[in-house]
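If you read the sequences in order, they're chains A, B and C. Sequence positions in the first sequence follow the numbering used here and run 24 to 174. Sequence positions in the second sequence follow the numbering used here and run 1303 to 1460. Sequence positions in the third sequence follow the numbering used here and run 4 to 130. By construction, the Cβ of each residue, glycine as well, lies at the ideal position given by its N, Cα and C atoms. So the structure is just underneath, and the comments pick up after that.
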Amino acid sequence: MDIKFINAFISGLLNVTGMLGLSDLKRSGLSKKERLEIDKDVNILLGMTGGMNGNIVLSMPEQTARNIASTMMGGMEIAVLDMMPKSALCELANMVAGNSVAGLDADSVSMSPPTLISGQNIVALVSLVETLVIDFTAAAGSVTMSIALEG
Amino acid sequence: MELNAQLAPFVKATIKNLKDMLGFEVNTGGMEPETDEFTSQGYTVLIGFTGGWKGRLILDMPRETAMKMASAMTGEPYSSAGDEEVLLSGAELGNIIGGNAITEINNSQPGLQIRLTPPSVFTGMGMTMFNARVNSSSLLIKTDVGPVKVNVAVEGAQ
Amino acid sequence: MRGIKADGTAITVMAVDDSPVSRKMIKKALEPEGFQVIAEAGNGKQAVDMYASVKADVITMDVTMPVMDGLDAASAIKAINPGQPIIMLSAMGDEDIINDARRRGINDICSKPFKPDEIIEKILRIV
Chain A
24 MDIKFINAFI SGLLNVTGML GLSDLKRSGL SKKERLEIDK DVNILLGMTG GMNGNIVLSM
84 PEQTARNIAS TMMGGMEIAV LDMMPKSALC ELANMVAGNS VAGLDADSVS MSPPTLISGQ
144 NIVALVSLVE TLVIDFTAAA GSVTMSIALE G
Chain B
1303 MELNAQLAPF VKATIKNLKD MLGFEVNTGG MEPETDEFTS QGYTVLIGFT GGWKGRLILD
1363 MPRETAMKMA SAMTGEPYSS AGDEEVLLSG AELGNIIGGN AITEINNSQP GLQIRLTPPS
1423 VFTGMGMTMF NARVNSSSLL IKTDVGPVKV NVAVEGAQ
Chain C
4 MRGIKADGTA ITVMAVDDSP VSRKMIKKAL EPEGFQVIAE AGNGKQAVDM YASVKADVIT
64 MDVTMPVMDG LDAASAIKAI NPGQPIIMLS AMGDEDIIND ARRRGINDIC SKPFKPDEII
124 EKILRIV
């Protein structure tokens, strides 16, 4: 996985969160895993086909999800992660994926609509391929972006 | 309620595969409309699609059903739905059902060129799956090993 | 025991599929009949690399796999040994994929899910 690829996803996320008012978000970690696994309570998953075939997942604790949605929605207090904040988070994932892929000039990548999966004690297996895991931290909390490309 | 055009091919492929591959007896209920949020029975396989239809397929079942389904596929017993082979069995089932369904759709409507994204499998407590501004439809299939819900959401579908 | 040849030895199989569960299902279908799965590969590149040292009577080849897909792997193996029997196993039966498989010399196609009898009969027809 080359550095150009990694940088496209890091700057994709930072560009979008910066525009949405989460300007204190910083990259706090970068690693590779053998597979894409998830153990957070809120996950937004988006699939890609075409020039890039795989999945991107943004994962975070529920409190972080509410904090980020609140910032996106102009500081409105979010007591419950219901339809409005969930829509905001799906839109965030859409923009991050779109912005990242645009930075790669990959051929004809199509994306499936984002799905937000939430619950408790989630165990998930998204992919068995090598996965790029990028951690971000802000006052709102921590966010992990996982990218698994099948080819 | 009649099955809509988006759900029907996935239901057909699910029934065929549960019967042919796993040898289960199946009974189907009617179509149930869902909101933009789908509530899981505990174990869910999710596959996105792109092309002429943008959306996703969910195959959802209780954890116990998932373990029994995986056992029927591999011949081995399982004690947790989070076991890697149980998760991989769901992914394979999703690949086969999704692949069969979109093959039929693409062969009958060549312009659509639907493609599947790689499957993901989730298990947990109180899980919900949310898609912004996309309502979905479900059909419950009763099998020898428990209920399996087929749920399809396509952007812009009726 | 349809997997045993006239000389008493087993028909050998290389199973290529990115899903370990799928490889297990292939074994579950074939081994009770005496076939021997002597090698397993998780993607097309592994299969091509393995082909240098492992010769099986038949290769079952999934299509959609990471790193190198089954169609390219089949072409690479047929370039080394045009006589190597290969059966494609896939849930994706689009006509263009099937035509592509035929052009690359893949001997037969078995759609997923396969019934044990179906894959066994197809193997016996080409080995």
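- In the three-state reduction of the DSSP assignment, A/T87 falls in the helix class.
- Scanning A/I26, A/D64, A/A161 and A/T94 for the CA closest to the CA of B/M1431 turns up A/D64.
- In this structure, DSSP gives A/L37 a helical state, which the three-state scheme calls helix.
- Looking at the DSSP output, A/A162 bridges to nothing.
- Residue environment for B/A1403: buried (at least 16 other C-beta atoms within 10 angstroms of its C-beta).
- The C-beta of C/M95 comes closer than 8 Å to at least one C-beta of chain B.
- Each of B/I1407, B/G1384, B/Q1411 and B/S1410 was checked against the Cα of B/T1346, and the nearest Cα belongs to B/G1384.
- Against chain B, the beta carbon of A/Q143 has neighbours under 9 Å at G1426, M1427, G1428 and M1429, listed in chain order.
- The C-alpha of A/K49 lies about 44 Å from the C-alpha of B/G1413.
- Interface criterion met: the Cβ of B/T1405 is under 8 Å from a Cβ in chain C.
- Minimum Cα-Cα distance from A/P108 among the listed residues A/G142, A/I91, A/M134 and A/V146 corresponds to A/I91.
- At least one CB atom of chain A sits nearer than 8 Å to the CB of C/P69.
- Remark: C-beta atoms of A/N117 and A/L69 approach each other more closely than 8 Å.
- Nearest to B/L1389 by alpha-carbon distance, out of B/L1361, B/T1316 and B/E1406, is B/L1361.
- The contact set of A/L139 on chain C, defined by CB atoms closer than 8 Å, is empty, because the minimum CB distance reaches about 26 Å.
- For A/V124, same chain residues with a beta-carbon under 8 Å away, outside a window of 5 residues either side, are A31, G35, M71, M75, V132 and M134 in chain order.
- Sequence-distant partners of A/N122 (beyond 5 residues in either direction) whose C-beta falls short of 6 Å from its own C-beta, in its chain, are G35, N38 and V39.
- Taking A/T94 as reference, the option from A/V119, A/D47, A/D25 and A/A147 with the minimal CA-CA separation is A/D47.
- Taking 8 Å as the cut-off, the Cβ atoms of B/V1447 and B/T1367 count as close.
- The Cβ atoms of C/V24 and B/E1387 sit closer than 8 Å to each other.
- Closest by C-alpha distance to C/P119, out of C/M4, C/I29 and C/R107, is C/I29.
- Counting C-beta pairs with one atom in each stretch, the stretch 96-113 of chain A and the stretch 1308-1328 of chain B have fewer than three that are closer than 8 Å, which means they do not touch.
- For the stretch 141-168 of chain A, the set of positions with a beta-carbon nearer than 9 Å to some beta-carbon of chain C reads S150, L151, V152 and E153 in chain order.
- Against C/D21, the close residues of chain A are L151, in the order they occur along the chain (beta-carbon pairs closer than 7 Å).
- 8 Å or more divides the Cβ of C/D52 from the Cβ of C/V19.
- Sequence-distant Cβ neighbours of B/G1357 in its own chain, meaning closer than 7 Å and more than five residues away, are F1351, V1436, V1454, A1455, V1456 and E1457.
- Judged by DSSP in its simplified three-state form, C/T12 adopts coil rather than helix or strand.
- Contact check for B/L1442 and B/A1374: beta-carbon distance about 19 Å, past the 8 Å limit, so the pair fails to qualify.
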